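Asks: Residue numbers (my numbering), protein chains in the order written: chain A, -1 to 353; chain B, -1 to 353.
(1) What is the residue span of the beta strand (DSSP E) that residue 278(A) lies within?
(2) If you compare alpha carbons, which of 303(A), 231(A), 94(A) is closest to residue 166(B)?
(3) Opposite residue 58(B) in the DSSP bridges: which residues?
(4) Hey, does residue 9(B) have any beta-carbon neighbour from chain A nearer than 9 Å?
(5) Please confirm whether residue 270(B) has its beta-carbon closer than 9 Å to some beta-carbon of chain A.
(6) Have a look at residue 229(B) and residue 292(B) and give me their C-alpha separation to the nearest angstrom.
(7) Grab me the residues of residue 425(A)'s own chain with a C-beta within less than 7 Å of its C-beta, minus the 5 sequence neighbours each way, in chain order.
(8) Pick out whichever of 101(B), 3(B), 31(B) has its Cα sitting closest to the Cα of residue 354(B).
(9) Against residue 45(B), what residues of chain A qualify as contacts under a CB-to-CB distance less than 9 Å, listed in chain order?
(10) Straight-line CA distance for residue 84(A) to residue 121(A)?
(11) Of the choices 279(A), 243(A), 246(A), whose alpha-carbon is the least far from that of residue 252(B)?
(12) Count the other C-beta atoms from every protein chain shown that fall within 10 angstroms of the C-beta of residue 46(B), then say buried if there are 16 or more, exposed otherwise.
(13) Below 6 Å CB to CB, which residues in the same chain sit around residue 159(B) once its five sequence neighbours on both sides are set aside?
(14) State the DSSP-derived secondary structure class of residue 246(A), mapped to helix, strand or coil.
(15) Report the three-state DSSP secondary structure of residue 220(A) (helix, strand or coil).
(16) Measure from the alpha carbon of residue 224(A) to the alpha carbon of each residue in 111(A), 176(A), 86(A), then state which is nearest.
(17) Under a Cβ-count criterion, where at least 16 other Cβ atoms within 10 Å of its own Cβ denotes burial, should residue 235(A) be classed as buried or exposed?
(18) Any chance the CB of residue 234(B) is under 8 Å from a heavy atom of the ligand FAD?
(19) Let's test the definition: count the other Cβ atoms within 10 Å of the Cβ of residue 63(B) and tell me whether it reaches 16, buried, or not, exposed.
(20) Does the structure place the region 318 to 326 of chain A close enough to the region 197 to 214 of chain A that three or more beta carbon pairs sit under 8 Å?
(21) When we look at the beta-carbon of residue 240(A) and count the other beta-carbons within 10 Å, is it buried (16 or more) or exposed?
(22) Return yes when the Cβ of residue 232(A) is within less than 9 Å of the Cβ of residue 221(A), no when it is not.
(23) Would you check if there are 3 or more beta carbon pairs closer than 8 Å linking the region 133 to 146 of chain A to the region 137 to 153 of chain B?
(24) So, residue 157(B) versus residue 243(B), is the Cβ gap smaller than 9 Å?
(25) I'd like to know if the region 147 to 155 of chain A and the region 87 to 102 of chain A are in contact, where contact means that at least 3 CB-CB pairs between them fall below 8 Å.
(26) Entirely within the region 102 to 185 of chain B and at least 4 residues each: give me those alpha helix (DSSP H) ranges in chain order.
(27) Beta carbons nearer than 9 Å to chain B: which residues of the region 285 to 308 of chain A have them?
(28) Give the secondary structure of residue 212(B) by DSSP, where H, G and I count as helix, E and B as strand, and everything else as coil.
(29) Is residue 198(B) near residue 185(B), with beta carbons less than 9 Å apart?
(30) How is residue 321(B) classed by DSSP in three states: helix, strand or coil?
(31) Might you give, ordered along the chain, the residues of its own chain that have their beta carbon closer than 7 Å to the beta carbon of residue 259(A), omitting 5 neighbours on each side?
(32) What residue ranges within the region 25 to 98 of chain B form continuous alpha helix (DSSP H) runs of no fewer than 4 residues, ordered along the chain?
(33) DSSP has residue 264(A) in a bridge; who is on the other side?
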């Protein structure tokens, strides 16, 4: 079968012929419908994140998949069910406490592999197998958008953890700020709008006209151009934020977010930057953190419960938003277009088959 | 009546004769038993924290008080009840949402005054008044230690908020680290020991023999000398910590705590440093935060619920610990000794009267 792979030493993916996998007992064979592309895929291609499966010279890419059950084996699924796979699997040594309690998302990097990212083949192939417990059902009418369940689940978790951090007092957030107008930032902005935030802001560094700015404003949000208003000045220029969601991977944002927060506010950090030394006014930030009861929560990956929430969230997102967000769904013979990263591309997917 | 005050322009407290306060309707007149001294008092004396009441040239000091109800007025209290006052009161403009929902501890600094610290007279006087709702009852047999209820309440809140931040997953902490072997650090270490942490560590920079190191070890904790093992290396030298409690006010600790944390760990920040610019590897810390689901929570002050928890906690602390922690209780004619800050002093209190 055909698969999109990145090979050791190469800096762009290629289509390769690989063996169709055989499901083990308890596993399901899934016929792939679509697989989304995101910034993590670009980091994997660049070699700055993730790694190859042990002893192999290539990685089948892709971690944002939706497919149809082809062989259900003796599982809870039936042939024809639309499903989305989770990403983390136990490491070579075997399972551990995080997997055993259904929280692989809380495992440290060395206690898991990530399909399509780090140490395990992904889903960009005509078929893939997965243990049934790592598959989440999706209604048929959401199949075409099912590749968005994984990125939405990432934000479900981050939002859940951020809210938990404020659960010891009466937290009633009104204003939020999303740092980053990439596809994850825009999905999160739409989620926060749907959650009832009265005022939402989204930071980018784009000139108008720009399709992401159009989406931000159509959602009811305010676009903040970081070239005019740095994160450290947003509280003053706009308003202090009850919730800041960082999806830029720009390390200064993690610390400037403290200044953007309102009293009792929380920042969720999701970016994965490279090492970068810079100066901060650590005394002022520390005092600000304490005197205004602020919090920062790092969040990575997501578990089945977040995928289940994400399926519900996906069903509630407006159709115009999904249409505008997904700027390209490409067949395998046009796979390179799915990895494009220009100012007209927001979110793309590769299509392997149709429902 | 006599009171311990700090005057504008002076850098040490003095005893002054001030009018005995008259309770307003709904207020209680309290005869002061003891008032503790802590690092915040020293910052107030130095002029680096807090401020004088509007239009006044002195501040009655003290925010860690215990007293006996002298006039209960028409309140829930009776004469002779032992009580501890909370610290925050509404600002001059009047009450606000934080006070109305019983969470003055979540107010930003401009939305409150703090008795004995910032903008309102404290409790270091023979009598003080307080609205009944700001008084928490204490069993008679704890009266002598009642001045510890306020500092314990500070940690009750910080520990509650830290645990809340980890409530979205199955958090089962084993190891904790208290940064700072001052009285608040030692009280917190004793609280964490009582909470069931299997391994506790406490950081200081003292040579043996030292009474704080003796207390740490008697509690079952491990003393970490920051001159030998900086916070950034504690995970490696000892073990990664599920919980780090920062009570040093040393700004680098706020950021180094990220490195000391275990996956899924949380740091509570309580220090209030001055501005201080320094370099960090922000990229590495940001990535560490995200990839290991870490959190930082700033915490200041405490509300009635934390005072109530603190009364219960105080009752459970071992007698030897309280005896060793409190190195001096001084009468008013020896008030200067209560403000001493040397290596034989751990916790002191001023005694105004006896029960």
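Ideal placement from N, C-alpha and C gives every residue a C-beta, glycine not left out.
Because the structure is a prediction, the values reported are computed rather than measured.
Replies: Inspection of the coordinates gives the following:
(1) Start at 1 with the first residue of the first chain, and residue 278(A) comes out as number 280. From DSSP, the beta strand (DSSP E) with residue 278(A) extends over 275 to 279.
(2) Here residue 166(B) refers to the residue found at position 168 when the second chain is read from its first residue. Looking at the Cα atoms, 303(A) is the closest of the given residues.
(3) In the second chain, residue 58(B) corresponds to position 60, counting from 1. According to DSSP, which records beta bridges pairwise, residue 58(B) is partnered with 3(B).
(4) Translated into positions along the second chain, residue 9(B) becomes position 11. With 9 Å as the cut-off, residue 9(B) does not count as an interface residue toward chain A.
(5) As a working note, residue 270(B) is residue 272 in the second chain. Closer than 9 Å to some Cβ of chain A, the Cβ of residue 270(B) qualifies, so yes.
(6) As a first step, residue 229(B) must be located in the second chain, where it is residue number 231. As a first step, residue 292(B) must be located in the second chain, where it is residue number 294. Near 16 Å, if we compare the C-alpha coordinates of residue 292(B) and residue 229(B).
(7) Outside the displayed range of chain A (-1 to 353) lies residue 425(A), so it cannot be described from this structure.
(8) Absent from the model: residue 354(B). The displayed extent of chain B is -1 to 353, so no value can be given.
(9) For the purposes of this step, residue 45(B) is taken as residue 47 along the second chain, with counting starting at 1. Those within 9 Å of residue 45(B) in chain A number zero; the least Cβ separation is about 16 Å.
(10) Counting from 1 along the first chain, the entry for residue 84(A) is found at position 86. Counting from 1 along the first chain, the entry for residue 121(A) is found at position 123. Distance between the alpha carbons of residue 84(A) and residue 121(A) is about 10 Å.
(11) The residue labelled residue 252(B) in the question sits at position 254 within the second chain. Cα-wise, what sits closest to residue 252(B) is 279(A).
(12) Here residue 46(B) refers to the residue found at position 48 of the second chain. Answer is exposed; the Cβ neighbour count stays below 16.
(13) As a position in the second chain, residue 159(B) is number 161, starting the count at 1. Excluding residues within five positions, the ones whose Cβ falls inside 6 Å are 295, 297.
(14) Your numbering for residue 246(A) matches position 248 in the first chain. Residue 246(A) falls in the coil class under three-state DSSP.
(15) Position 222 of the first chain holds residue 220(A). Here residue 220(A) sits in strand by DSSP.
(16) Start at 1 with the first residue of the first chain, and residue 224(A) comes out as number 226. Nearest C-alpha to residue 224(A): 176(A).
(17) Position 237 of the first chain, counting from 1, holds the residue named residue 235(A). Answer is exposed; the Cβ neighbour count stays below 16.
(18) Of the ligands one can find in the structure shown there are none, so the ligand FAD has no counterpart to examine.
(19) The sequence position of residue 63(B) within the second chain is 65, counting from 1. Looking at its Cβ environment, which holds 16 or more other Cβ atoms inside 10 Å, residue 63(B) is buried.
(20) yes
(21) Start at 1 with the first residue of the first chain, and residue 240(A) comes out as number 242. Classification for residue 240(A): buried.
(22) Along the first chain, one-based indexing puts residue 221(A) at 223. Along the first chain, one-based indexing puts residue 232(A) at 234. No, these two residues do not count as a Cβ contact at 9 Å.
(23) no
(24) Locating residue 157(B) in the second chain gives position 159, counting from the first residue. Locating residue 243(B) in the second chain gives position 245, counting from the first residue. Result yes, Cβ atoms of residue 157(B) and residue 243(B) sit closer than 9 Å.
(25) no
(26) Taking only runs of at least 4 residues, the alpha helix (DSSP H) segments lying wholly in the region 102 to 185 of chain B are 147 to 163.
(27) Per Cβ criterion, the list reads 285, 286, 287, 288, 289, 290, 291, 292, 293, 294, 295, 296, 297, 298, 299, 301.
(28) In the second chain, counting from the first residue as 1, residue 212(B) sits at position 214. Residue state, collapsed to three classes: helix.
(29) In the second chain, counting from the first residue as 1, residue 198(B) sits at position 200. In the second chain, counting from the first residue as 1, residue 185(B) sits at position 187. No, the Cβ-Cβ distance between residue 198(B) and residue 185(B) is not below 9 Å.
(30) The count along the second chain starts at 1 and reaches residue 321(B) at position 323. Of the three classes helix, strand and coil, the one that applies to residue 321(B) here is helix, per DSSP.
(31) To locate residue 259(A), count along the first chain from 1; it is residue 261. Once the five neighbours on either side are set aside, the close Cβ partners of residue 259(A) are 238, 239, 242, 265, 292.
(32) 37 to 44, 95 to 98
(33) Numbered from its first residue, the first chain carries residue 264(A) at position 266. DSSP, once it has assigned bridges, lists 241(A), 293(A) as partnering residue 264(A).
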